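Using the working numbering, the first residue of the sequence shown is number 2, and each one after it goes up by one. We treat Cβ as the ideally placed atom computed from N, Cα and C, and that holds for glycine. For clarity, every value in this text was computed on a predicted model and none was experimentally measured. First comes the structure, then the notes that go with it.
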Amino acid sequence: MSCNETRGLLDAWMDNELDLRGSLEVEEHLGRCADCAAQERSLRQLQGSARANLTRHEVPAGLDARLRAALRSEAGASAGAPPARPRALRALRRAAPLLAASVAVIVAAGILRPSPERGLAESVIDAHVRSLLASHLTDVASSDQHTVKPWFQGKLDYSVQVTDFAAEGFPLSGGRLDYVEETPAAALVYRRGRHVINLFIWPQRKRGGESTVQHLSMRGYGAYRWSKDGMSYWAVSDLNDAELQEFVELVRRER
Numbered sequence: 002m003s004c005n006e007t008r009g010l011l012d013a014w015m016d017n018e019l020d021l022r023g024s025l026e027v028e029e030h031l032g033r034c035a036d037c038a039a040q041e042r043s044l045r046q047l048q049g050s051a052r053a054n055l056t057r058h059e060v061p062a063g064l065d066a067r068l069r070a071a072l073r074s075e076a077g078a079s080a081g082a083p084p085a086r087p088r089a090l091r092a093l094r095r096a097a098p099l100l101a102a103s104v105a106v107i108v109a110a111g112i113l114r115p116s117p118e119r120g121l122a123e124s125v126i127d128a129h130v131r132s133l134l135a136s137h138l139t140d141v142a143s144s145d146q147h148t149v150k151p152w153f154q155g156k157l158d159y160s161v162q163v164t165d166f167a168a169e170g171f172p173l174s175g176g177r178l179d180y181v182e183e184t185p186a187a188a189l190v191y192r193r194g195r196h197v198i199n200l201f202i203w204p205q206r207k208r209g210g211e212s213t214v215q216h217l218s219m220r221g222y223g224a225y226r227w228s229k230d231g232m233s234y235w236a237v238s239d240l241n242d243a244e245l246q247e248f249v250e251l252v253r254r255e256r
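Written out as structure tokens, the structure is:
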């Protein structure tokens with residue numbers, strides 16, 4: 002994929018509008034092209050600034066009812082009334098400010114401020130895909146948990162528990178330092194046959210105790226998320242849901 006093609010698809014890629022193949026091609030190009038990667042960072046900064054600084058307005062109470070009443074009042078037929086078309090046009094002109102306000106509310110509330118949960122999921126999926134494309138799956142490649150765990154010491158301000166599940170069919174491949182929403186995260190890498198599983202771990206921003214496991218699918222990948230003892234966990238892979246859930250249960254029993 003060329004630079005021009007990539008830059009023409011950046012907006013759609015950032016909004017998750019590309020299919021899996023298109024997303025992978027864009028991300029592969031970004032991994033080897035510094036100029037396009039800089040363009041992508043600039044767009045993300047603009048996107049982040051918009052989400053952080055634009056004000057969200059709630060829809061005014063009764064707006065829908067007032068719009069309907071205005072249209073009925075101006076466009077309703079009555080004996081001896083002028084032709085319907087001019088009356089309807091006048092009704093639309095009078096209702097235009099209210100319609101414009103409605104559109105502004107929808108844009109501000111729905112497009113510019115997506116839910117934090119979806120934004121976090123996108124960030125985690127992006128980190129998983131990056132690790133597959135950039136030949137940077139592990140910083141420390143080892144199946145020995147006593148080698149992987151000490152590697153994180155001094156790189157993170159929290160301890161990472163590392164367990165090899167080779168006996169259960171999920172061997173440890175190593176670990177790396179990653180970033181999720183600009184937060185340093187430990188990424189433990191496991192395999193199931195030819196499939197890669199990334200287990201991301203980082204401290205919760207708001208301590209909320211233990212949460213139940215939640216599952217989602219996005220861009221062809223499955224992800225399971227949960228929290229425990231002040232830590233957030235995300236397991237991401239293209240593995241089928243049944244086997245990925247089996248892996249998640251193994252991890253949760255160890256923590």
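Within 10 angstroms of the Cβ of Asn168, are there 16 or more other Cβ atoms? Answer buried if so, exposed if not. Within the sequence shown, the letter at position 167 stands for residue 168. The identity of residue 168 in the sequence shown is Ala, whereas the question assumes Asn. By the C-beta density criterion, Ala168 is exposed, having fewer than 16 other C-beta atoms within 10 angstroms.
Pro204 vs Gly223 beta-carbon contact at 8 Å: For the purposes of this step, residue 204 is identified with residue 203 of the sequence shown, where counting begins at 1. For the purposes of this step, residue 223 is identified with residue 222 of the sequence shown, where counting begins at 1. Against a cut-off of 8 Å, the Cβ pair of Gly223 and Pro204 comes out as no contact.
Flag this pair as yes or no: are the beta carbons of Gln46 and Arg8 separated by less than 8 Å? Stepping through the sequence shown from its first residue, residue 46 is reached at position 45. Stepping through the sequence shown from its first residue, residue 8 is reached at position 7. No, they are not a contact pair.
Around the Cβ of Asn199, are there at least 16 other Cβ atoms within 10 angstroms (buried) or fewer (exposed)? As a working note, residue 199 is residue 198 in the sequence shown. Buried, because 16 or more other Cβ atoms sit within 10 Å of the Cβ of Asn199.
Using 10 angstroms around the beta-carbon of Gly111, count the other beta-carbons present and answer buried if the total reaches 16, otherwise exposed. Taking the sequence shown and counting its residues from 1, one reaches residue 111 at position 110. Legend: pLDDT at Gly111 = 44, less than 50; position of this residue unreliable, value from coordinates given subsequently. Taking all protein chains in view, the Cβ of Gly111 is surrounded by fewer than 16 other Cβ atoms within 10 Å, so the residue is classified as exposed.
Would you kindly work out how many angstroms separate the C-alpha atoms of Glu18 and Leu72, rounded to a whole number? Within the sequence shown, residue 18 is the residue found at index 17, counting from 1. Within the sequence shown, residue 72 is the residue found at index 71, counting from 1. Rounded to the nearest angstrom, the two C-alpha atoms are 36 Å apart.
Starting from the N-terminal side, write out each stretch of the beta strand (DSSP E) that is 3 residues or longer and does not extend beyond the region 186-219. 196-204, 215-219
Beta-carbon contacts of Tyr180 that lie in its chain and below 8 Å, excluding the five residues immediately before and after: If you number the sequence shown from 1, residue 180 lands on position 179. Hits under 8 Å: Ala128, Ala186.
Quick check: Ile126 and Val249, are their CB atoms within less than 8 Å of each other? The sequence position of residue 126 within the sequence shown is 125, counting from 1. The sequence position of residue 249 within the sequence shown is 248, counting from 1. Going by C-beta atoms, Ile126 is not nearer than 8 Å to Val249.
Can the beta-carbon of Asp140 be found less than 8 Å from the beta-carbon of Leu178? Position 139 of the sequence shown, counted from the first residue, corresponds to residue 140. Position 177 of the sequence shown, counted from the first residue, corresponds to residue 178. Yes, the Cβ-Cβ distance between Asp140 and Leu178 is below 8 Å.
Rounded to whole angstroms, what's the CA-CA distance from Gln246 to Phe166? Just pull it up for me. Indexing the sequence shown from 1 puts residue 246 at position 245. Indexing the sequence shown from 1 puts residue 166 at position 165. So the two alpha carbons sit approximately 14 Å from each other.
Does DSSP classify Gln246 as helix, strand or coil? For this step, residue 246 is matched to residue 245 along the sequence shown. The answer is helix: DSSP assigns Gln246 an H, G or I state.
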